[in-house]
Structure formats: structure tokens, C-alpha cells
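J.: Numbering (this note's numbering), first residue to last: 156 to 467.
1) Compute the distance between the beta-carbons of residue 324 and residue 251, then report whether it is under 8 Å.
2) Pull up the CB-CB distance for residue 456 and residue 400, whole angstroms please, since I reckon it's below 8 Å.
3) For residue 288, which of helix, strand or coil comes out of DSSP?
4) Could you tell me whether the stretch 213 to 226 touches the stretch 381 to 391, using the rule of 3 or more Cβ pairs below 8 Å?
5) Taking all protein chains shown into account, do 16 or more other C-beta atoms lie within 10 angstroms of the C-beta of residue 464, making it buried, or fewer, making it exposed?
6) Tell me whether the beta-carbon of residue 229 lies closer than 8 Å to the beta-carbon of residue 312.
7) Run through DSSP, which three-state label would residue 305 get?
8) Could you spell out the range, first to last residue, of the alpha helix (DSSP H) harbouring residue 225?
9) First and last residue of the alpha helix (DSSP H) that includes residue 200?
10) For residue 283, name the three-state secondary structure that DSSP assigns.
11) Helix, strand or coil for residue 369, going by three-state DSSP, please let me know.
12) If we count the other Cβ atoms within 10 Å of its Cβ and call it buried at 16 or more, is residue 175 buried or exposed?
13) Are there 16 or more other CB atoms within 10 angstroms of the CB of residue 321, so buried, or fewer, so exposed?
14) Is the number of C-beta pairs between the stretch 364 to 378 and the stretch 247 to 263 that are closer than 8 Å three or more?
15) Three or more C-beta pairs under 8 Å: does that hold for the stretch 353 to 369 against the stretch 229 to 239?
16) Looking at residue 340: is its Cβ nearer than 8 Å to the Cβ of residue 192?
17) Can you grab the Cα-Cα spacing for the pair residue 266 / residue 181, in whole Å?
18) Less than 8 Å between the beta carbons of residue 184 and residue 409, yes or no?
19) Note down, in chain order, each residue of its chain lying with its Cβ closer than 8 Å to the Cβ of residue 352, except the 5 sequence neighbours on either side.
In C-alpha cells form, the structure reads like this:
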């Protein structure tokens with residue numbers, strides 16, 4: 156077995172798989188990052204991801220285009236983000252309960268509608284994205300095949316992380332987002348609408364989560380199954396902590412989780428004598444370790460999870 160593990164082709168295949176596993180987790184981490192930076196705790200990322208996977212599958216099935224299906228997924232993600240914003244920002248409902256409600260709603264509706272809309276086509280192969288190879292960079296030994304022959308959504312996730320980093324730390328709008336999560340009253344005093352900032356961030360949070368779901372259904376698996384997000388939205392909550400609420404930190408944290416996920420799949424294939432149930436638990440065990448502070452303490456935005464009420 157060890158001769159296979161240390162084989163160059165195995166390592167290349169493992170790392171490429173780790174990148175693929177990283178993509179939906181990156182979207183989940185970025186979703187939670189932008190939401191929590193503005194002060195809203197988005198535990199509903201799991202439901203948004205699942206809904207994105209379903210809508211992308213349905214859209215791709217009936218239009219024959221993975222891109223159009225992904226566009227529909229972004230719309231449903233924005234709508235679910237809007238729902239979370241209305242409940243938690245406008246109505247002042249508990250953000251955790253609101254997110255749990257979205258998760259339950261998404262799980263029930265996607266399971267019900269998938270049987271009605273897709274029927275026997277539920278396991279039909281869907282249109283998917285062609286992998287993009289980046290010229291010149293693709294020719295780099297080993298690393299070229301690992302990093303530069305991936306789905307376009309993988310590149311989009313990294314681009315979003317870079318753009319968010321620039322917005323957060325180099326623009327006045329990013330300063331408003333960070334301040335809304337730290338001291339919303341100061342933002343309000345400066346004449347900036349705190350609720351508007353949070354609304355926009357939560358809606359983009361929904362879009363990012365739904366992109367992660369779309370990657371699962373039309374980017375990797377090519378069909379929709381019930382609860383196919385399989386807790387990745389919850390792992391996004393761990394990723395944002397491990398990444399210390401930084402977009403690039405979220406990418407690195409997602410890469411670690413993706414590598415652990417890819418590893419457990421290959422350990423199952425090697426039949427190492429460990430029950431597969433335990434191997435499937437590995438990413439979640441690592442998530443527990445991450446949020447327990449073993450890998451370093453992280454300070455969340457001061458006002459996250461706290462509704463803001465404007466003084467009259």
C-alpha cells in the first residue's frame with residue numbers, strides 16, 4: 156500500500172482531488188466570512204448550498220447548460236439571503252434560529268420537489284463544466300495538473316476571495332462592512348445605513364453558498380441527491396473561524412478540509428481496516444479541533460449575531 160501512496164501519480168491525483176473538494180468548502184467559507192464580517196451569523200449556509208445544488212441541477216436539466224443552471228442557483232441563493240436578512244435584520248429574529256429554519260426549509264423542499272420535478276431523471280447525468288487548463292501554467296511539472304486544470308468555478312472561488320480581500324481592506328465600502336460587524340452604532344453615526352450594508356452582505360453570502368452547491372451538482376457529481384451538501388455549509392462555519400474571518404484565510408482553511416476529505420475517500424479505497432464511518436467523520440473531527448482553539452484562538456467580530464436597532 157505504501158508504495159502506491161508515495162507514487163508520484165497518486166500524489167498528483169490526490170492533490171487535484173483535494174482542490175476539487177476545496178471548491179465548495181471555499182464558497183461556504185466565503186459565504187460565512189462576508190456575512191459575519193457585517194455582523195450577521197449565517198448558520199443557514201447549509202440550506203443555501205443545498206438549494207443552490209438543487210436549482211442548478213433543475214436549471215441545467217431543462218436548459219442543457221450548466222452555466223444557466225448556476226445562474227438560477229445564484230438567484231435562489233440571493234433570495235434565501237434576503238429571507239435571512241428580513242428575519243434577522245428587519246424583524247430582529249434570533250439569527251441562529253432563522254438560519255436553522257432556512258436549513259430545515261431547504262432540506263424539506265429540495266427533497267420534495269426533486270421527486271416531483273425531476274422524477275426518474277433524479278439520477279440522470281447533468282450537463283457539466285469543462286475543465287479549464289491555463290496555458291503555460293499548465294505545463295509546470297506536477298503543480299500544473301494540480302492547480303491549473305480545474306473547473307471554472309474553482310477559479311471563480313479564488314477570484315472572489317481576492318476581490319473580497321481587496322474590498323475589505325482597501326476600500327471605504329470594506330471599512331463600512333467591517334465596522335458594521337464591530338461597531339454598527341459608529342457606522343450609523345457616520346451616516347451609513349447599517350441595515351443596507353448587512354442586507355447586501357447577507358444576500359451575497361447566499362449567492363456564494365449557492366455557488367458551492369451548484370459546484371456539487373453540476374460541477375462534480377452531475378446529478379442531484381437529497382441532502383447532497385452533506386454538512387459542508389456547517390463546515391464553512393468552522394472554516395471562517397480557522398481562517399480568522401479573512402477571505403484568503405478561508406481559502407487556506409478550506410484547502411486543509413478539502414485535503415482531509417480527499418484523504419478519507421482514498422483511505423476507504425485502500426481498505427486500511429478502519430470502519431468507513433470513522434473515516435467519513437474525519438473532516439468533522441478536524442472541524443471540532445479547529446473551533447476548539449487548538450490551532451489558535453480567533454476573535455470574532457464584536458457585533459456578530461446582535462441585531463442593530465437604530466435610535467430614534
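Note that CB positions come from ideal geometry on N, CA and C, so glycine has one too. Being a predicted model, the structure only gives us computed values, none of them experimental.
T.: Result, derived from the coordinates:
1) For residue 324 and residue 251, no; Cβs fall outside 8 Å.
2) Indeed, because the Cβ distance is near 7 Å, the residues count as touching under 8 Å.
3) Collapsing the DSSP output to three states places residue 288 in a strand.
4) The answer is no - the stretch 381 to 391 does not touch the stretch 213 to 226, with fewer than three Cβ pairs under 8 Å.
5) Classified as exposed, residue 464 has fewer than 16 neighbouring CB atoms from the shown chains inside 10 Å of its CB.
6) It is not a contact, given that the beta carbons lie outside the stated cut-off.
7) In the structure shown, residue 305 sits in a strand (DSSP, three-state: E or B).
8) Element bounds for residue 225: 221 to 240.
9) Residues 200 to 218.
10) Residue state, collapsed to three classes: coil.
11) DSSP places residue 369 in helix when its eight states are reduced to three.
12) Taking all protein chains shown into account, residue 175 has 16 or more neighbouring C-beta atoms within 10 Å of its C-beta and is therefore buried.
13) When all chains shown are included, residue 321 counts as exposed.
14) Contact between the stretch 364 to 378 and the stretch 247 to 263 is not established, with fewer than three Cβ pairs separated by less than 8 Å.
15) Yes, the stretch 353 to 369 is in contact with the stretch 229 to 239.
16) Not closer than 8 Å, so no.
17) Their backbone Cα atoms lie some 25 Å apart in a straight line.
18) Yes, the Cβ-Cβ distance between residue 184 and residue 409 is below 8 Å.
19) For residue 352, same chain residues with a beta-carbon under 8 Å away, outside a window of 5 residues either side, are 193, 331, 332, 335 and 342 in chain order.
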